[in-house]
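As numbered in full-length UniProt numbering, residues 1 to 145 make up the sequence shown, in order.
Beta carbons are placed, not taken as given, at the ideal position from N, Cα and C, and that holds for glycine.
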Amino acid sequence: MEADLKESDSNLLNLTKQLDNANAAQKVAAEALEAANKEKRRLLEEAKSRDEEIFGLRKDLELSENGKKEAEAGKREVEARLANAEADFMANFHNTEAYNNFFDYFARVGQQEVLTALRNDHPDFDVKSLEARFHPPNVEGEEDS
């Protein structure tokens, strides 16, 4: 009976060791599962963030494509208006003041250049009386030099 008792104690000791090993393995498995779940949550958050970023970028792309289309349409409209304005100017050039007084206009421009040169080269000379006689050219749309 004593032999049976020793064998029983030995079996009990083996079962205890197996139970301890199983508990240790279960603890390691539980820690691994907890770490895996934590990593899974992190990856899901990262995926959600990336998804929101992709959605925002797609929205920006759509807005920029719409803006590009609007800009192209605006460019075509401006080009058409410019072409119409050029055609209108060419068709009606003979009716403009610059054309009617073409010779007088350039004569006045030349006179203004002479008066400016006199003013610059001879600052002591009073050109006001000459300026009163020779008015600067005044044609709409033209700038004085």
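I'd like to know whether the C-beta atoms of residue i and residue j end up nearer to each other than 7 Å.
i    : j    : result
R119 : V127 : yes
F89  : Q111 : no
In this structure, does DSSP put residue i in helix, strand or coil?
i    : result
V114 : helix
F127 : One point to set straight first is that residue 127 is Val, not Phe, in the sequence displayed. If DSSP states are grouped into helix, strand and coil, V127 belongs with coil.
F134 : coil
S145 : Residue placement at S145 cannot be trusted, given a pLDDT of 42 that sits under 50; what the coordinates show is reported in the next sentence. Note: S145 maps to coil in three-state DSSP.
Quick check: does the Cβ of residue i come within less than 6 Å of any heavy atom belonging to the ligand HEM?
i   : result
E70 : Questions concerning the ligand HEM fall outside what the structure shown contains, since it holds no ligand whatsoever.
Legend entry - Sequence ranges, beta strand (DSSP E) only - wholly within the segment 2–44, length at least 3: none
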